[in-house]
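Please read the structure below before turning to the comments.
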Amino acid sequence: MRLAAYQCRALTGDIAANLHRLDRIACAASAAEADVLVVPELYLTGYCLGDRTSEFAMSPDAAALQEVSAIARRHAVALVVGYPELRAGAVYNTAALWDRSGALLSRYRKINLFGDEEKRLFRPGDATETTAIAGMSVGMLICYDVECPAAARSLADDGAQVILAPTANMLPYRAAAITAPRARTLESGAALVYANYTGDEGPLTYTGLSVIVGADGEDRARAGDQGEALLIAEV
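Heads up: the sequence shown begins at 1 in the UniProt record's numbering, then just goes up one per residue.
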């Protein structure tokens, strides 16, 4: 499987700009023959919405999600894209996986919410799941989930060979971006894609250091702590 991870600055509240950028990066990932592209946590809206989070929460038929499907189809590349999801009156921190035809294959709702702010804004999910992309079994986690060994273990127990993880890891947790992805691959035997933000958003400064890690715990591709990057690697 050929994997892509996109590291970028967060564009808070600008869904149109985030979609335009996703279209550009999906084109580049497709040109590099990637099977799947992962972008950072809550990519469609940015991470630091605060009290506006519920205003941006999306139902399954939201126009932005339809456009993500169209981008996947247009560039024939699977996409993992995060957004605040509105479901049964609750808001979740969600990542969804579309296949190269634009079909929605899976949604994952973040189980391990980080800090008081996430716990205030979101309801936690309650399950992981696996699906198939390019002949391999994949599952999703989101950011702090990667620091919780049980989450990766649950996916591995269900046969996941690759873990796809949008993230918004910020200072002072730089060590987590280096250590946690490697540790989870060694424990689970699954490769892992960790796509993080860089730069500042509101009060946060992100660590960057996005990475694609092989099942052996070795980095296949690693971004720096600053600057936009599109990582491509095979596992």
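Glycine included, C-beta positions come from ideal geometry on N, C-alpha and C.
Here the structure is a predicted model, which means the values were calculated and not measured.
Length of the line joining the Cα atoms of residue i and residue j
i	j	result
residue 236	residue 117	Since the first residue shown for the chain is 1 and the last is 235, residue 236 is missing from the structure and cannot be characterised.
residue 27	residue 11	20 Å
residue 176	residue 198	15 Å
residue 43	residue 228	14 Å
residue 279	residue 72	Given that the chain is displayed from residue 1 to residue 235, the structure contains no residue 279 and the question cannot be resolved.
residue 149	residue 111	12 Å
residue 47	residue 79	18 Å
residue 4	residue 211	9 Å
residue 49	residue 13	7 Å
residue 52	residue 162	33 Å
residue 113	residue 68	25 Å
residue 9	residue 94	19 Å
residue 217	residue 160	16 Å
residue 41	residue 194	10 Å
Distance between beta carbons of residue j and residue i, contact taken as under 8 Å
i	j	result
residue 91	residue 120	With a Cβ gap of about 11 Å, residue 91 and residue 120 do not count as contacting.
residue 237	residue 29	One cannot answer for residue 237 here, as it falls past the ends of the chain, which runs 1 to 235.
residue 147	residue 180	5 Å
residue 23	residue 1	Not confirmed; about 23 Å, so no contact.
Cβ pair residue i, residue j closer than 8 Å
i	j	result
residue 131	residue 164	no
residue 100	residue 77	yes
residue 140	residue 188	no
residue 166	residue 39	yes
residue 125	residue 144	no
residue 57	residue 86	yes
residue 152	residue 184	yes
residue 220	residue 235	yes
residue 233	residue 190	no
heavy atom of the ligand FAD below 7 Å from residue i C-beta
i	result
residue 169	The ligand FAD is absent from the structure shown, which contains no ligands of any kind.
Bridge-paired residues (DSSP) for residue i
i	result
residue 85	58, 92
residue 7	229
residue 222	211
*Quick one: which unbroken beta strand (DSSP E) runs of 3-plus residues sit fully inside the stretch 100-154? Chain order, please.*
104-109, 130-133, 136-140
*asked:* Just to confirm the assignment: which complete beta strand (DSSP E) runs, minimum length 3, are found wholly within the stretch 162-212?
replied: 162-166, 191-195, 198-201, 204-207
*Would you list, in sequence order, the uninterrupted alpha helix (DSSP H) runs of no fewer than 4 residues that lie entirely inside the stretch 8-39?*
15-31
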